[in-house]
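The sequence shown lines up with residues 1 to 202 when you count with the UniProt record's numbering.
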Amino acid sequence: ILSLNCLDAEDRAFKREAKLKEATALKNKGNAAYEKQEYEDAVKYYSDGLAVLKDMQPLYTNRAQVNISFITSQSSLSLQCNERCIKAYVHMGKAYLGLKKYNEAKSCFEKIQEIEPGRGKMVKEYLELVDLEENKDCQERKAMEELVKGEGKFTAVPQLLERLSRVGRTPLYYCAGLESLSRAVTDCECFFRKLCTGLFSI
Numbered sequence: 001i002l003s004l005n006c007l008d009a010e011d012r013a014f015k016r017e018a019k020l021k022e023a024t025a026l027k028n029k030g031n032a033a034y035e036k037q038e039y040e041d042a043v044k045y046y047s048d049g050l051a052v053l054k055d056m057q058p059l060y061t062n063r064a065q066v067n068i069s070f071i072t073s074q075s076s077l078s079l080q081c082n083e084r085c086i087k088a089y090v091h092m093g094k095a096y097l098g099l100k101k102y103n104e105a106k107s108c109f110e111k112i113q114e115i116e117p118g119r120g121k122m123v124k125e126y127l128e129l130v131d132l133e134e135n136k137d138c139q140e141r142k143a144m145e146e147l148v149k150g151e152g153k154f155t156a157v158p159q160l161l162e163r164l165s166r167v168g169r170t171p172l173y174y175c176a177g178l179e180s181l182s183r184a185v186t187d188c189e190c191f192f193r194k195l196c197t198g199l200f201s202i
């Protein structure tokens with residue numbers, strides 16, 4: 001039974017490695033298209049990569065980055081035509097927010113109020129959104145640091161489970177822990193495959 005399980009795990013790992021190789025090649029093509037500002041091609045390559053390997057996170061983030069860059073470039077073109085275009089500043093502000101460039105996002109939203117002082121309520125809401133996202137980002141970083149502080153990044157599943165069982169932590173602490181646990185479990189699958197192929201022994 002162990003032999004069959006090892007063969008099954010080895011087969012799944014081999015197929016996953018082939019998919020990872022194909023998805024990585026598509027990601028690299030997408031990156032090259034993005035560098036040339038060929039945004040539609042880049043989105044297509046990233047989407048094709050996700051069709052091959054749905055859980056490859058960089059493909060999602062890269063595709064989102066392309067969409068944000070496209071919006072930013074279109075907004076910049078619009079501002080070249082009309083420096084007082086409120087809609088362009090709104091889109092650019094949202095794009096910068098997506099890129100976690102909080103100061104640039106605030107500048108775009110503040111420019112709206114300079115152009116049209118009567119839009120103060122709308123601008124205030126956008127600025128509050130920027131502050132909220134910036135605080136959330138800061139808390140996520142702190143949660144990850146707290147989870148792994150003192151001993152480097154924990155990758156051992158039992159250690160992660162012990163840390164995740166602690167009560168009274170913030171939700172972001174548990175989110176960071178689950179993300180680390182997910183990576184650790186993936187590493188365990190790789191370990192199990194190597195164990196089955198005789199590269200490791202117990």
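Even glycine gets a Cβ: it sits at the ideal position worked out from N, Cα and C.
*Keeping to the same chain, check which residues put their C-beta closer than 7 Å to that of Y126; ignore five residues upstream and five downstream.*
Only residues of its own chain outside the window of five on either side were considered, and among them G93, F109 have a CB closer than 7 Å to the CB of Y126, listed in chain order.
*Measure the Cβ-Cβ separation of A95 and I68 and say whether it is below 8 Å.*
yes
*Roughly how many angstroms separate the alpha carbons of S76 and K142, rounded to a whole number?*
Computed Cα separation, rounded: 34 Å.
*Where does E29 sit, in a helix, a strand or coil, going by DSSP?*
According to the sequence provided, residue 29 is Lys. The question's Glu does not apply to it. Note: K29 maps to helix in three-state DSSP.
*Assign D8 to buried or exposed, taking buried as 16 or more other Cβ atoms, counted over all protein chains shown, within 10 Å of its Cβ.*
Exposed, since its Cβ has fewer than 16 Cβ neighbours within 10 Å.
*Could you round the C-beta distance between L59 and Y46 to whole angstroms and report it? I think they count as a contact, below 8 Å.*
5 Å
*Given that a residue counts as buried once 16 or more other Cβ atoms are within 10 Å of its Cβ, and exposed if not, what is L26?*
The C-beta of L26 has 16 or more other C-beta atoms within 10 Å across all chains shown, which makes the residue buried.
*Tell me the start and end of each unbroken alpha helix (DSSP H) in the stretch 53-89 that is at least 4 residues and wholly inside, in chain order.*
57-81
_What does the Cβ neighbour count give for R63, buried or exposed, with the cut at 16 atoms within 10 Å?_
buried
*In whole angstroms, what is the alpha-carbon distance linking A18 and A88?*
43 Å
*Roughly how many angstroms separate the alpha carbons of F14 and M56, rounded to a whole number?*
16 Å
_Burial state of S180 (16 or more Cβ within 10 Å)_ = buried
*Determine the extent of the alpha helix (DSSP H) in which Q113 is found, giving its start and end residues.*
102-115
*Would you call E30 buried or exposed, if buried means 16 or more other Cβ atoms sit within 10 Å of its Cβ?*
It is Gly, not Glu, that sits at residue 30 in the sequence shown. Buried, because 16 or more other Cβ atoms sit within 10 Å of the Cβ of G30.
*asked:* Once the 5 residues before and after L20 are set aside, which same chain residues still bring their CB inside 7 Å of it?
replied: L53
*Pull up the CB-CB distance for Y34 and A23, whole angstroms please, since I reckon it's below 8 Å.*
Rounded, the Cβ-Cβ distance is 16 Å, inconsistent with contact.
*Determine the burial state of L132: buried for a count of at least 16 other Cβ atoms within 10 Å of its Cβ, exposed for fewer.*
Around the beta carbon of L132, fewer than 16 other beta carbons lie within 10 angstroms, which makes this residue exposed.
*State the Cα-Cα distance for the pair Y121 and E10, rounded to the nearest angstrom.*
Residue 121 is actually Lys in this sequence, not Tyr. Taking the straight line from one Cα to the other gives about 59 Å.
*How many Å lie between K36 and I86 at the Cα?*
Between the alpha carbons of K36 and I86 lies a distance of about 28 Å.
*Under 8 Å, do L97 and V66 count as touching if we go by C-beta distance?*
no
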